[in-house]
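In our numbering, the protein residues as written are 34 to 480.
Glycine included, every Cβ here is placed at the ideal spot set by N, Cα and C.
Inspection log for the structure reproduced underneath, given as C-alpha coordinates.
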(Lines of atoms letter the chains of each structure in order from A and count residues from 1; the text may use other names and numbers.)
(Lines give C-alpha, C1' and ligand atoms only; values in the text may rest on other atoms or scores of the structure.)
Protein backbone atom coordinates (compact mmCIF):
# COMPACT_ATOMS: atom_id res chain seq x y z
CA UNK A 1 0.00 0.00 0.00
CA UNK A 2 1.31 3.47 -0.87
CA UNK A 3 2.13 5.90 1.89
CA UNK A 4 -0.51 8.52 2.74
CA UNK A 5 -3.12 6.00 1.66
CA UNK A 6 -6.83 6.31 2.23
CA UNK A 7 -8.29 3.11 3.67
CA UNK A 8 -11.92 2.09 4.03
CA UNK A 9 -12.53 -0.02 7.15
CA UNK A 10 -15.79 -1.97 7.34
CA UNK A 11 -16.72 -3.99 10.44
CA UNK A 12 -19.65 -6.30 10.88
CA UNK A 13 -22.01 -4.37 13.16
CA UNK A 14 -21.44 -6.38 16.33
CA UNK A 15 -19.27 -5.51 19.31
CA UNK A 16 -16.62 -8.14 18.62
CA UNK A 17 -15.91 -6.66 15.20
CA UNK A 18 -16.41 -2.91 15.70
CA UNK A 19 -13.97 -2.50 18.60
CA UNK A 20 -10.89 -4.27 17.16
CA UNK A 21 -11.37 -2.65 13.76
CA UNK A 22 -11.63 0.78 15.37
CA UNK A 23 -8.45 -0.06 17.30
CA UNK A 24 -6.80 -1.04 14.03
CA UNK A 25 -8.00 2.24 12.51
CA UNK A 26 -6.29 4.10 15.34
CA UNK A 27 -3.05 2.27 14.63
CA UNK A 28 -3.30 3.21 10.95
CA UNK A 29 -4.08 6.85 11.75
CA UNK A 30 -1.05 7.04 14.04
CA UNK A 31 1.00 6.12 10.97
CA UNK A 32 -0.54 8.95 8.97
CA UNK A 33 -3.06 6.91 7.00
CA UNK A 34 -6.49 8.39 6.33
CA UNK A 35 -9.34 6.07 7.36
CA UNK A 36 -13.02 6.10 6.44
CA UNK A 37 -14.74 3.85 8.98
CA UNK A 38 -17.97 2.61 7.39
CA UNK A 39 -20.76 1.43 9.66
CA UNK A 40 -24.37 0.46 9.22
CA UNK A 41 -26.94 3.09 10.13
CA UNK A 42 -28.50 0.76 12.73
CA UNK A 43 -25.44 1.21 14.98
CA UNK A 44 -24.34 4.69 13.90
CA UNK A 45 -25.42 6.52 17.06
CA UNK A 46 -23.77 3.94 19.33
CA UNK A 47 -20.46 4.12 17.48
CA UNK A 48 -20.55 7.93 17.32
CA UNK A 49 -20.96 8.06 21.11
CA UNK A 50 -17.76 6.05 21.53
CA UNK A 51 -15.79 7.73 18.74
CA UNK A 52 -12.41 9.07 19.90
CA UNK A 53 -11.86 12.82 19.61
CA UNK A 54 -8.10 12.99 19.73
CA UNK A 55 -6.85 15.93 17.70
CA UNK A 56 -4.88 15.04 14.58
CA UNK A 57 -5.71 11.35 14.83
CA UNK A 58 -9.41 12.21 14.90
CA UNK A 59 -8.98 14.24 11.71
CA UNK A 60 -7.59 11.17 9.96
CA UNK A 61 -10.53 8.91 10.92
CA UNK A 62 -13.86 9.76 9.38
CA UNK A 63 -17.10 7.96 10.17
CA UNK A 64 -19.50 7.19 7.35
CA UNK A 65 -22.66 5.11 7.32
CA UNK A 66 -24.64 3.17 4.77
CA UNK A 67 -28.35 2.32 5.01
CA UNK A 68 -29.14 -1.19 6.20
CA UNK A 69 -32.82 -0.90 7.08
CA UNK A 70 -32.24 -2.81 10.32
CA UNK A 71 -32.29 -1.90 13.99
CA UNK A 72 -29.65 -2.71 16.61
CA UNK A 73 -30.56 -6.16 17.96
CA UNK A 74 -32.64 -7.28 14.96
CA UNK A 75 -32.75 -11.01 14.32
CA UNK A 76 -30.70 -12.83 11.68
CA UNK A 77 -33.39 -12.92 8.99
CA UNK A 78 -33.95 -9.17 9.13
CA UNK A 79 -30.22 -8.48 9.04
CA UNK A 80 -29.70 -10.82 6.06
CA UNK A 81 -32.51 -9.11 4.15
CA UNK A 82 -31.05 -5.68 4.89
CA UNK A 83 -27.59 -6.64 3.66
CA UNK A 84 -28.84 -7.53 0.20
CA UNK A 85 -29.02 -3.82 -0.59
CA UNK A 86 -25.80 -2.80 1.14
CA UNK A 87 -23.25 -3.57 -1.63
CA UNK A 88 -24.87 -0.96 -3.86
CA UNK A 89 -24.85 1.65 -1.10
CA UNK A 90 -21.19 0.91 -0.34
CA UNK A 91 -20.14 1.20 -3.97
CA UNK A 92 -21.93 4.54 -4.29
CA UNK A 93 -20.23 5.81 -1.11
CA UNK A 94 -16.77 4.87 -2.40
CA UNK A 95 -17.39 6.54 -5.76
CA UNK A 96 -18.62 9.70 -4.03
CA UNK A 97 -15.56 9.85 -1.75
CA UNK A 98 -13.18 9.39 -4.67
CA UNK A 99 -14.95 12.02 -6.77
CA UNK A 100 -14.52 14.53 -3.93
CA UNK A 101 -10.85 13.63 -3.25
CA UNK A 102 -7.65 14.64 -4.98
CA UNK A 103 -5.32 11.95 -6.32
CA UNK A 104 -3.40 11.69 -3.05
CA UNK A 105 -6.52 11.00 -0.99
CA UNK A 106 -8.46 8.54 -3.11
CA UNK A 107 -9.29 5.20 -1.52
CA UNK A 108 -6.68 2.59 -2.37
CA UNK A 109 -7.38 -0.16 0.16
CA UNK A 110 -10.32 -1.94 1.81
CA UNK A 111 -10.18 -3.64 5.20
CA UNK A 112 -13.34 -5.55 6.10
CA UNK A 113 -14.42 -8.13 8.63
CA UNK A 114 -13.80 -11.56 7.14
CA UNK A 115 -17.52 -12.23 7.65
CA UNK A 116 -18.41 -9.55 5.07
CA UNK A 117 -17.79 -11.35 1.80
CA UNK A 118 -20.03 -8.88 0.01
CA UNK A 119 -17.71 -6.01 0.96
CA UNK A 120 -14.73 -7.88 -0.49
CA UNK A 121 -16.68 -8.41 -3.70
CA UNK A 122 -17.40 -4.68 -3.95
CA UNK A 123 -13.69 -3.95 -3.51
CA UNK A 124 -12.75 -6.50 -6.18
CA UNK A 125 -15.33 -5.06 -8.58
CA UNK A 126 -13.87 -1.57 -8.08
CA UNK A 127 -10.27 -2.75 -8.52
CA UNK A 128 -9.19 -1.77 -4.98
CA UNK A 129 -6.73 -3.87 -2.98
CA UNK A 130 -8.26 -5.49 0.08
CA UNK A 131 -7.56 -7.17 3.39
CA UNK A 132 -9.84 -9.43 5.39
CA UNK A 133 -9.76 -8.88 9.14
CA UNK A 134 -10.13 -12.05 11.20
CA UNK A 135 -11.74 -11.62 14.63
CA UNK A 136 -10.81 -15.18 15.66
CA UNK A 137 -7.55 -16.78 16.67
CA UNK A 138 -5.23 -17.71 13.82
CA UNK A 139 -5.79 -21.31 14.89
CA UNK A 140 -9.53 -21.09 14.24
CA UNK A 141 -8.86 -19.38 10.90
CA UNK A 142 -6.48 -22.20 9.93
CA UNK A 143 -9.11 -24.76 10.91
CA UNK A 144 -11.75 -23.07 8.74
CA UNK A 145 -9.40 -23.00 5.76
CA UNK A 146 -8.81 -26.75 6.20
CA UNK A 147 -12.50 -27.72 6.08
CA UNK A 148 -12.27 -29.18 2.53
CA UNK A 149 -9.39 -31.41 3.67
CA UNK A 150 -11.36 -32.52 6.74
CA UNK A 151 -14.23 -33.55 4.47
CA UNK A 152 -11.86 -35.33 2.10
CA UNK A 153 -10.26 -37.21 5.01
CA UNK A 154 -13.65 -38.41 6.22
CA UNK A 155 -13.34 -36.57 9.55
CA UNK A 156 -16.51 -34.53 8.90
CA UNK A 157 -19.27 -34.84 6.33
CA UNK A 158 -20.40 -32.14 3.92
CA UNK A 159 -22.76 -30.75 6.58
CA UNK A 160 -19.92 -30.40 9.09
CA UNK A 161 -20.96 -33.29 11.33
CA UNK A 162 -17.99 -35.06 12.90
CA UNK A 163 -17.81 -38.67 11.65
CA UNK A 164 -14.94 -39.55 13.94
CA UNK A 165 -14.19 -38.61 17.53
CA UNK A 166 -10.54 -37.72 17.23
CA UNK A 167 -7.91 -35.04 17.52
CA UNK A 168 -7.10 -33.06 14.38
CA UNK A 169 -3.47 -32.10 13.71
CA UNK A 170 -3.23 -29.35 11.09
CA UNK A 171 0.58 -29.52 11.05
CA UNK A 172 3.19 -31.65 12.86
CA UNK A 173 3.96 -28.97 15.46
CA UNK A 174 0.49 -27.45 15.88
CA UNK A 175 -1.67 -28.14 18.94
CA UNK A 176 -4.28 -30.80 18.22
CA UNK A 177 -7.93 -29.77 17.87
CA UNK A 178 -10.69 -32.05 19.13
CA UNK A 179 -13.64 -32.72 16.84
CA UNK A 180 -15.73 -31.86 19.91
CA UNK A 181 -14.41 -28.29 19.67
CA UNK A 182 -15.33 -27.69 16.02
CA UNK A 183 -16.99 -24.31 16.33
CA UNK A 184 -20.10 -25.11 14.28
CA UNK A 185 -20.85 -28.12 16.51
CA UNK A 186 -20.63 -26.16 19.77
CA UNK A 187 -24.36 -25.49 19.85
CA UNK A 188 -27.36 -27.79 20.18
CA UNK A 189 -29.44 -25.74 17.74
CA UNK A 190 -29.36 -27.45 14.29
CA UNK A 191 -30.33 -24.24 12.51
CA UNK A 192 -27.49 -22.32 14.14
CA UNK A 193 -25.09 -25.19 13.38
CA UNK A 194 -26.02 -24.92 9.71
CA UNK A 195 -25.59 -21.12 9.67
CA UNK A 196 -22.18 -21.27 11.36
CA UNK A 197 -20.93 -24.07 9.09
CA UNK A 198 -22.06 -22.22 5.97
CA UNK A 199 -20.13 -19.13 7.08
CA UNK A 200 -17.15 -21.34 7.94
CA UNK A 201 -17.20 -22.82 4.43
CA UNK A 202 -17.25 -19.30 2.98
CA UNK A 203 -13.99 -18.44 4.74
CA UNK A 204 -11.82 -19.99 2.04
CA UNK A 205 -13.57 -18.09 -0.75
CA UNK A 206 -13.29 -14.85 1.24
CA UNK A 207 -9.55 -15.29 1.74
CA UNK A 208 -9.10 -15.97 -1.98
CA UNK A 209 -10.53 -12.51 -2.64
CA UNK A 210 -7.95 -10.87 -0.37
CA UNK A 211 -4.42 -9.61 -0.76
CA UNK A 212 -3.85 -9.88 3.01
CA UNK A 213 -5.47 -11.43 6.06
CA UNK A 214 -5.02 -9.26 9.15
CA UNK A 215 -5.30 -11.06 12.48
CA UNK A 216 -5.69 -9.73 16.02
CA UNK A 217 -2.99 -12.02 17.37
CA UNK A 218 0.79 -12.11 17.44
CA UNK A 219 3.16 -14.58 15.84
CA UNK A 220 4.79 -15.82 19.04
CA UNK A 221 1.39 -16.78 20.46
CA UNK A 222 0.37 -19.02 17.53
CA UNK A 223 3.48 -19.65 15.40
CA UNK A 224 2.35 -23.06 14.13
CA UNK A 225 -0.96 -21.71 12.84
CA UNK A 226 0.52 -18.49 11.41
CA UNK A 227 2.92 -20.58 9.32
CA UNK A 228 -0.05 -22.39 7.76
CA UNK A 229 -1.47 -19.15 6.28
CA UNK A 230 1.23 -17.45 4.16
CA UNK A 231 -0.69 -14.22 3.52
CA UNK A 232 -1.72 -13.75 7.16
CA UNK A 233 -0.39 -10.74 9.04
CA UNK A 234 -0.74 -10.94 12.84
CA UNK A 235 -0.95 -7.32 14.02
CA UNK A 236 -2.18 -7.79 17.59
CA UNK A 237 -2.82 -7.28 20.31
CA UNK A 238 -4.97 -4.39 19.11
CA UNK A 239 -5.70 -2.25 22.15
CA UNK A 240 -7.50 1.02 22.78
CA UNK A 241 -4.70 2.33 24.97
CA UNK A 242 -2.41 3.07 22.04
CA UNK A 243 -4.14 6.44 22.43
CA UNK A 244 -4.96 7.57 25.99
CA UNK A 245 -8.65 7.69 26.77
CA UNK A 246 -9.81 4.12 27.04
CA UNK A 247 -12.18 1.93 25.10
CA UNK A 248 -13.29 2.95 21.62
CA UNK A 249 -16.07 1.68 19.41
CA UNK A 250 -18.17 0.31 22.25
CA UNK A 251 -21.79 -0.36 21.30
CA UNK A 252 -22.75 -0.46 24.98
CA UNK A 253 -22.69 2.42 27.46
CA UNK A 254 -19.75 1.84 29.78
CA UNK A 255 -20.06 2.35 33.52
CA UNK A 256 -16.78 3.99 34.49
CA UNK A 257 -17.70 4.05 38.20
CA UNK A 258 -16.22 0.56 38.40
CA UNK A 259 -12.73 2.03 37.99
CA UNK A 260 -13.02 4.26 41.05
CA UNK A 261 -14.43 1.25 42.90
CA UNK A 262 -11.43 -0.84 41.85
CA UNK A 263 -9.14 1.93 43.12
CA UNK A 264 -10.40 1.20 46.63
CA UNK A 265 -9.69 -2.56 46.51
CA UNK A 266 -6.53 -4.43 47.56
CA UNK A 267 -4.02 -5.47 44.91
CA UNK A 268 -4.80 -8.74 43.08
CA UNK A 269 -8.04 -9.30 45.00
CA UNK A 270 -10.83 -8.83 42.44
CA UNK A 271 -12.59 -11.56 40.47
CA UNK A 272 -13.66 -9.94 37.19
CA UNK A 273 -16.65 -11.62 35.51
CA UNK A 274 -17.80 -10.83 31.96
CA UNK A 275 -19.39 -12.90 29.21
CA UNK A 276 -19.27 -10.61 26.20
CA UNK A 277 -22.14 -9.11 24.26
CA UNK A 278 -24.18 -12.20 23.30
CA UNK A 279 -24.18 -14.87 26.04
CA UNK A 280 -27.30 -15.29 28.17
CA UNK A 281 -27.89 -17.28 31.37
CA UNK A 282 -30.88 -19.16 32.72
CA UNK A 283 -32.21 -18.23 36.14
CA UNK A 284 -30.70 -21.40 37.66
CA UNK A 285 -27.26 -20.73 36.20
CA UNK A 286 -27.38 -17.10 37.26
CA UNK A 287 -28.19 -18.18 40.83
CA UNK A 288 -25.31 -20.68 40.89
CA UNK A 289 -22.82 -18.10 39.66
CA UNK A 290 -24.10 -15.51 42.13
CA UNK A 291 -23.78 -17.98 45.01
CA UNK A 292 -20.37 -19.18 43.82
CA UNK A 293 -18.94 -15.67 43.73
CA UNK A 294 -20.08 -15.05 47.29
CA UNK A 295 -18.69 -18.40 48.46
CA UNK A 296 -15.34 -17.55 46.87
CA UNK A 297 -14.96 -14.98 49.67
CA UNK A 298 -13.32 -12.35 47.49
CA UNK A 299 -14.64 -9.07 46.09
CA UNK A 300 -15.86 -9.25 42.51
CA UNK A 301 -16.80 -7.04 39.59
CA UNK A 302 -19.51 -8.61 37.44
CA UNK A 303 -20.75 -7.30 34.08
CA UNK A 304 -24.47 -8.11 33.71
CA UNK A 305 -25.95 -6.71 30.51
CA UNK A 306 -29.65 -5.72 30.58
CA UNK A 307 -30.37 -8.69 28.28
CA UNK A 308 -28.10 -11.18 30.10
CA UNK A 309 -30.94 -12.99 31.86
CA UNK A 310 -33.33 -15.32 30.07
CA UNK A 311 -36.41 -13.75 31.61
CA UNK A 312 -36.87 -11.08 34.29
CA UNK A 313 -34.07 -8.82 35.46
CA UNK A 314 -35.63 -8.70 38.93
CA UNK A 315 -33.13 -11.17 40.37
CA UNK A 316 -30.23 -9.21 38.90
CA UNK A 317 -31.40 -5.97 40.50
CA UNK A 318 -32.00 -7.62 43.87
CA UNK A 319 -28.60 -9.31 43.72
CA UNK A 320 -26.86 -6.02 42.87
CA UNK A 321 -28.36 -4.33 45.90
CA UNK A 322 -27.57 -7.27 48.17
CA UNK A 323 -23.86 -7.60 47.35
CA UNK A 324 -22.77 -3.97 47.55
CA UNK A 325 -20.59 -4.89 50.55
CA UNK A 326 -18.56 -7.47 48.59
CA UNK A 327 -19.02 -6.80 44.90
CA UNK A 328 -20.05 -4.40 42.17
CA UNK A 329 -22.46 -4.98 39.29
CA UNK A 330 -22.30 -2.94 36.08
CA UNK A 331 -24.12 -3.27 32.76
CA UNK A 332 -20.93 -2.81 30.74
CA UNK A 333 -17.33 -2.11 31.70
CA UNK A 334 -14.27 -0.51 30.07
CA UNK A 335 -12.71 -3.96 29.94
CA UNK A 336 -9.13 -3.14 29.00
CA UNK A 337 -8.94 -0.60 31.82
CA UNK A 338 -10.43 -3.12 34.24
CA UNK A 339 -8.05 -5.92 33.29
CA UNK A 340 -5.09 -3.55 33.51
CA UNK A 341 -6.04 -2.44 37.01
CA UNK A 342 -3.69 -3.69 39.77
CA UNK A 343 -6.61 -4.87 41.92
CA UNK A 344 -7.77 -7.51 39.39
CA UNK A 345 -6.68 -11.07 40.20
CA UNK A 346 -8.47 -13.22 37.61
CA UNK A 347 -10.99 -13.17 34.78
CA UNK A 348 -14.06 -15.43 34.56
CA UNK A 349 -14.61 -15.26 30.81
CA UNK A 350 -16.66 -16.70 27.96
CA UNK A 351 -13.37 -16.96 26.04
CA UNK A 352 -14.32 -14.66 23.19
CA UNK A 353 -11.18 -13.82 21.22
CA UNK A 354 -11.18 -10.10 21.99
CA UNK A 355 -11.50 -10.84 25.70
CA UNK A 356 -8.62 -13.30 25.46
CA UNK A 357 -6.37 -10.71 23.84
CA UNK A 358 -7.42 -8.17 26.47
CA UNK A 359 -6.59 -10.58 29.29
CA UNK A 360 -3.33 -11.92 27.85
CA UNK A 361 -2.01 -8.41 27.21
CA UNK A 362 -2.63 -7.51 30.86
CA UNK A 363 -1.23 -10.74 32.34
CA UNK A 364 -4.52 -11.82 33.96
CA UNK A 365 -5.21 -15.57 34.50
CA UNK A 366 -8.51 -17.01 33.21
CA UNK A 367 -11.34 -19.15 34.49
CA UNK A 368 -12.84 -20.40 31.25
CA UNK A 369 -16.59 -20.66 30.69
CA UNK A 370 -17.12 -20.90 26.90
CA UNK A 371 -20.63 -20.49 25.53
CA UNK A 372 -20.56 -21.20 21.79
CA UNK A 373 -18.64 -21.32 18.49
CA UNK A 374 -14.85 -20.77 18.66
CA UNK A 375 -14.89 -20.17 22.42
CA UNK A 376 -14.44 -23.89 23.18
CA UNK A 377 -11.29 -24.10 21.08
CA UNK A 378 -10.08 -20.87 22.69
CA UNK A 379 -10.56 -22.51 26.09
CA UNK A 380 -8.33 -25.37 24.91
CA UNK A 381 -5.60 -22.89 23.98
CA UNK A 382 -5.83 -21.11 27.34
CA UNK A 383 -5.91 -24.20 29.54
CA UNK A 384 -3.88 -26.81 27.63
CA UNK A 385 -1.53 -24.94 25.30
CA UNK A 386 -0.64 -21.61 26.92
CA UNK A 387 -1.55 -22.82 30.44
CA UNK A 388 -2.78 -19.45 31.69
CA UNK A 389 -6.14 -20.61 33.04
CA UNK A 390 -8.46 -23.33 34.29
CA UNK A 391 -11.69 -24.77 32.93
CA UNK A 392 -15.02 -24.48 34.76
CA UNK A 393 -16.77 -27.84 34.30
CA UNK A 394 -20.51 -28.46 34.09
CA UNK A 395 -22.28 -31.00 36.33
CA UNK A 396 -24.90 -33.65 35.53
CA UNK A 397 -27.51 -30.89 35.20
CA UNK A 398 -25.40 -29.06 32.60
CA UNK A 399 -24.75 -26.30 35.13
CA UNK A 400 -21.52 -24.86 36.48
CA UNK A 401 -22.22 -25.25 40.19
CA UNK A 402 -21.48 -22.81 42.98
CA UNK A 403 -19.01 -25.27 44.50
CA UNK A 404 -17.17 -25.63 41.18
CA UNK A 405 -16.84 -21.84 40.97
CA UNK A 406 -15.65 -21.55 44.56
CA UNK A 407 -13.08 -24.35 44.21
CA UNK A 408 -11.69 -23.22 40.85
CA UNK A 409 -11.31 -19.60 41.98
CA UNK A 410 -9.34 -20.79 45.00
CA UNK A 411 -7.23 -23.15 42.88
CA UNK A 412 -6.46 -20.51 40.25
CA UNK A 413 -5.49 -17.82 42.73
CA UNK A 414 -3.14 -20.27 44.45
CA UNK A 415 -1.40 -21.47 41.29
CA UNK A 416 1.90 -19.64 40.94
CA UNK A 417 2.78 -21.42 37.69
CA UNK A 418 -0.30 -20.09 35.93
CA UNK A 419 0.40 -16.59 37.24
CA UNK A 420 4.00 -16.78 36.02
CA UNK A 421 2.90 -17.99 32.59
CA UNK A 422 0.33 -15.18 32.36
CA UNK A 423 3.07 -12.65 33.15
CA UNK A 424 5.28 -14.23 30.50
CA UNK A 425 2.61 -13.89 27.81
CA UNK A 426 1.97 -10.30 28.88
CA UNK A 427 5.62 -9.49 28.25
CA UNK A 428 5.56 -11.40 24.97
CA UNK A 429 2.51 -9.48 23.74
CA UNK A 430 4.08 -6.16 24.71
CA UNK A 431 7.24 -6.95 22.74
CA UNK A 432 5.22 -8.04 19.70
CA UNK A 433 3.25 -4.79 19.59
CA UNK A 434 6.10 -2.37 20.13
CA UNK A 435 8.88 -1.17 17.86
CA UNK A 436 10.97 -4.07 16.64
CA UNK A 437 8.26 -6.60 17.48
CA UNK A 438 6.60 -8.93 15.00
CA UNK A 439 3.15 -7.31 15.04
CA UNK A 440 4.61 -3.80 14.91
CA UNK A 441 6.73 -4.78 11.91
CA UNK A 442 3.80 -6.49 10.16
CA UNK A 443 1.69 -3.35 10.52
CA UNK A 444 4.53 -1.16 9.26
CA UNK A 445 4.95 -3.44 6.23
CA UNK A 446 1.21 -3.36 5.55
CA UNK A 447 1.17 0.44 5.66
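About 6 Å separates the Cβ atoms of residue 52 and residue 387, confirming a contact at the 8 Å cut-off. Between residue 269 and residue 250, the beta carbon gap of about 5 Å places them in contact (Cβ cut-off 8 Å). For residue 181, the enclosing alpha helix (DSSP H) covers residues 180-185.
With distances taken between CA atoms, residue 353 lies nearest to 332 out of 119, 332 and 367. For secondary structure counted as the alpha helix (DSSP H) over 4 or more consecutive residues, the stretch 356-411 holds these complete runs in sequence order: 368-372 and 386-395. For residue 291, the secondary structure class from DSSP, reduced to helix, strand or coil, is helix. Residue pairing for residue 245: DSSP places it in a beta bridge opposite 164. Annotated three-state conformation of residue 194 is coil, per DSSP. When rounded, the separation of the alpha-carbon atoms in residue 164 and residue 192 is 28 Å. Under the three-state reduction of DSSP output, residue 337 falls in the coil class, being neither helix nor strand.
Shown here for residue 424: same chain residues with a beta carbon closer than 7 Å to its own, the five before and five after excluded, namely 401, 412 and 416 in chain order. By the criterion of a C-beta distance shorter than 7 Å, residue 139 is surrounded in its chain by 39 and 131, once the five residues flanking it on both sides are discounted. The continuous alpha helix (DSSP H) containing residue 120 extends over residues 119-132. Residue 201 has 210 as its beta-bridge partners, per DSSP.
Residue 70 sits away from residue 47, with the two beta carbons spaced by 9 Å or more. With a cutoff of 9 Å on beta-carbon distance, residue 170 and residue 50 are scored as not near each other. A straight-line Cα-Cα distance of about 11 Å links residue 75 and residue 45.
In the structure shown, residue 414 adopts helical secondary structure according to DSSP, grouped into three states.
In its chain, beyond the 5 residues on either side, 99, 101 and 151 have a beta carbon closer than 7 Å to the beta carbon of residue 119.
Secondary structure note for residue 325: its alpha helix (DSSP H) is the uninterrupted segment 316-328. Of all alpha-carbon atoms in 365, 368, 373 and 407, the one lying nearest the alpha-carbon of residue 384 is that of 407. Just so you know, the alpha carbons of residue 372 and residue 409 end up roughly 22 Å apart. Counting C-beta atoms within 10 angstroms of its own C-beta, residue 128 has fewer than 16 neighbours from the protein chains shown and is therefore classed as exposed. Distance from residue 382 to residue 302 at the Cβ level is roughly 18 Å; contact not present, criterion being Cβ atoms closer than 8 Å. Within the same chain, Cβ atoms closer than 7 Å to the Cβ of residue 212 are found at 188, 195, 197, 198, 199 and 201, the five residues on either side in sequence being excluded. By the criterion of at least three beta-carbon pairs nearer than 8 Å, the stretch 308-322 is not in contact with the stretch 392-400.
Ranking 436, 441, 428 and 456 by CA distance to the CA of residue 421 puts 456 first. For residue 475, the enclosing alpha helix (DSSP H) covers residues 471-479. The stretch 252-268 and the stretch 287-304 do not touch, with fewer than 3 CB-CB distances between them shorter than 8 Å. Non-local beta-carbon contacts of residue 458 in its own chain, meaning distances under 8 Å to residues more than five positions away in sequence, involve 254, 393, 396, 419 and 421 in chain order. Secondary structure at residue 96: strand, using DSSP grouped into helix, strand and coil. Residue 311 and residue 477 have their alpha carbons spaced roughly 34 Å apart. For residue 234 against residue 248, the beta-carbon gap comes to about 20 Å, at or over 8 Å, which does not count as contact. For residue 450, the enclosing alpha helix (DSSP H) covers residues 449-466. Per DSSP, residue 142 lies in no alpha helix (DSSP H); the unbroken beta strand (DSSP E) holding it starts and ends at 140-146. The criterion of a C-beta distance shorter than 9 Å is satisfied by residue 148 and residue 232.
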